[in-house]
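Chemist:
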Amino acid sequence: MDILKSIYQHPAFSEGDLNLIFSKHQKINYKKGDFFLKENDILNSYFVLESGVVRSFVYDIDSNDITINFFTESDIVIEASSLFQRIPSIENIQAETDCSVWKISYDDFQELFHSIPALTEWGRAWMSYQLFYLKNRSVEMITKSATERYLDLIQEKPDVLKFAPLKNVASYLGITDTSLSRIRKEIVKG
């Protein structure tokens, strides 16, 4: 439950609010390779990642597998458009490692959202942060070198580099496997 306490931090929550929110989460485990969501399905839950590494990916026009995001401990694993707009996803979300998560269904979240005013404020703050994060990432893909993006990933999500295949890391960084190998060698020589 400590992981849920760290996720649902907001001064407006009462202890009763938090207990109700926590009671709607179910702890489950995924094995490496299991899918949280497949392309064209509608996401019916979101997940608080307690342990493990998860990635989201799409296929480009040439059917190449391109990593969009990595989720690590204390992240919310979600494809917000599919979940909240109730539309089929263009993304796949898959466990890179064995994972332990706390799952909450869309219906339970909606019930809580309409009955706990503080959850609205928490959700607004979370979505604002996500918008900032995605905007920042898209700008950095243009303004930072691949080496800088790699070093940022080491700093922000070190578990990704321990557990994710290098081809997935390379596609996330927007570079080839060969370029990533060169960058890694240059950093080691440093």
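Take the sequence shown: its letter number 139 is residue 139 in full-length UniProt numbering, and every next letter is one higher.
Ideal Cβ positions, reconstructed from N, Cα and C, are used throughout, including at glycine.
Helix, strand or coil, according to DSSP, for Asp2 in the structure here?
Modeler: Within the sequence shown, numbered from 1, the residue matching residue 2 stands at position 2. If DSSP states are grouped into helix, strand and coil, Asp2 belongs with the helices.
Chemist: Does the distance from the CB of Lys31 to the CB of Asp98 come in under 7 Å?
Modeler: Taking the first residue of the sequence shown as position 1, residue 31 is located at position 31. Taking the first residue of the sequence shown as position 1, residue 98 is located at position 98. The answer is yes: Cβ separation under 7 Å.
Chemist: Whole angstroms are fine: how far does the CA of Ser56 sit from the CA of Asp107?
Modeler: Residue 107 sits at position 107 when you count from the first residue of the sequence shown. Residue 56 sits at position 56 when you count from the first residue of the sequence shown. One C-alpha to the other measures close to 23 Å.
Chemist: Is it the case that the region 38–46 contacts the region 103–121, given that we only count it when at least three CB pairs across the two stretches are under 8 Å?
Modeler: Yes, the region 103–121 touches the region 38–46.
Chemist: DSSP state of Ser100, grouped into three classes?
Modeler: Translated into positions along the sequence shown, residue 100 becomes position 100. The answer is strand: DSSP assigns Ser100 an E or B state.
Chemist: Could you compute how far the alpha carbon of Val160 sits from the alpha carbon of Leu20?
Modeler: Counting from 1 along the sequence shown, the entry for residue 160 is found at position 160. Counting from 1 along the sequence shown, the entry for residue 20 is found at position 20. Between Val160 and Leu20, the C-alpha separation is close to 32 Å.
Chemist: Given a threshold of 16 other Cβ atoms within 10 Å of its Cβ, counted over all protein chains shown, does Val188 qualify as buried or as exposed?
Modeler: What you label residue 188 is simply residue 188 of the sequence shown in a count that begins at 1. When all chains shown are included, Val188 counts as exposed.
Chemist: Distance, Cα to Cα, Tyr129 vs Arg137?
Modeler: Here residue 129 corresponds to residue number 129 of the sequence shown, with the count starting at 1. Here residue 137 corresponds to residue number 137 of the sequence shown, with the count starting at 1. Rounded to the nearest angstrom, the two C-alpha atoms are 12 Å apart.
Chemist: Taking buried to mean at least 16 other C-beta atoms within 10 Å of its own C-beta, is Tyr172 buried or exposed?
Modeler: Within the sequence shown, residue 172 is the residue found at index 172, counting from 1. Tyr172 should be labelled buried.
Chemist: Ends of the alpha helix (DSSP H) at Val160?
Modeler: The sequence position of residue 160 within the sequence shown is 160, counting from 1. Looking at the DSSP string, the run of the alpha helix (DSSP H) that includes Val160 is Pro158 to Phe163.
Chemist: Is the beta carbon of Ile42 less than 7 Å from the beta carbon of Pro88?
Modeler: By 1-based counting over the sequence shown, the position of residue 42 is 42. By 1-based counting over the sequence shown, the position of residue 88 is 88. It is a contact, given that the beta carbons lie within the stated cut-off.
Chemist: Look at the alpha carbon of Ile154 and the alpha carbon of Thr67, and state the distance between them as a whole number of angstroms.
Modeler: Looking up residue 154 in the sequence shown gives position 154. Looking up residue 67 in the sequence shown gives position 67. The alpha-carbon atoms of Ile154 and Thr67 are separated by roughly 16 Å.
Chemist: Where in the region 45–114 do unbroken runs of the alpha helix (DSSP H), each at least 4 residues long, occur, reported from the N-terminal end onward?
Modeler: Listed in chain order, the complete alpha helix (DSSP H) runs (minimum 4 residues) inside the region 45–114 are 80–85.
Chemist: Report yes if the CB atom of Ala164 is closer than 7 Å to the CB atom of Val53, and no otherwise.
Modeler: Position 164 of the sequence shown holds residue 164. Position 53 of the sequence shown holds residue 53. Going by C-beta atoms, Ala164 is nearer than 7 Å to Val53.
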